[in-house]
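Peer 1: Next up is a structure, given as structure tokens.
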Amino acid sequence: MVILSVVGTKGGIGKATITANLGALAADMGLRVLLVDADIQGSLSKYYQLRRQAPDGLTSVVLSGRVAESSISTTAWDRLDIIVCDAPRRKFAGVETTDLEQFIQSRIDAPMILRKALRAPVIALSNETLA
Numbered sequence: 009m010v011i012l013s014v015v016g017t018k019g020g021i022g023k024a025t026i027t028a029n030l031g032a033l034a035a036d037m038g039l040r041v042l043l044v045d046a047d048i049q050g051s052l053s054k055y056y057q058l059r060r061q062a063p064d065g066l067t068s069v070v071l072s073g074r075v076a077e078s079s080i081s082t083t084a085w086d087r088l089d090i091i092v093c094d095a096p097r098r099k100f101a102g103v104e105t106t107d108l109e110q111f112i113q114s115r116i117d118a119p120m121i122l123r124k125a126l127r128a129p130v131i132a133l134s135n136e137t138l139a
């Protein structure tokens, strides 16, 4: 399994575009691809027509600490699936702000699924790497 993270702190720099294109290329090469759209605006999710919208999304993955079938949406592309960034406010409806702050604080030191991927060393890309 290969994990590739495309991250950046500034909006509008092409993270979703790069990820969408890399995902499509990998799927065209016959690889199974699971994209994770962590943008609350759902930028990456807009690139692909969904065959099946999952009832859950990234919020459920983060809260449960595991990826379930109910959080994976299938796209019109063979071998390319996506976990969409569902609106977390739907999951936290009716939760007081202080309760939410306590929940977030309790999860800071807990192992998160994406933590390993984000800690992976940055690999410098060159033409030879992509060839």
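Numbering (the working numbering), first residue to last: 9 to 139. From the three backbone atoms N, C-alpha and C, an ideal C-beta is built for every residue, glycine too.
Mapping DSSP to helix, strand and coil, what is THR17?
Peer 2: coil
Peer 1: For ASN29, tell me which candidate among LEU12, THR67 and ARG60 has the shortest Cα-Cα distance.
Peer 2: LEU12
Peer 1: Between which two residues does the beta strand (DSSP E) harbouring ASP36 extend?
Peer 2: Unbroken run through ASP36 is the alpha helix (DSSP H), 23 to 36; no beta strand (DSSP E).
Peer 1: Would you check if the distance between the CB atom of ILE80 and the CB atom of LEU42 is smaller than 8 Å?
Peer 2: yes
Peer 1: Work out the CA separation of CYS93 and GLN49 for me, nearest whole Å.
Peer 2: 8 Å
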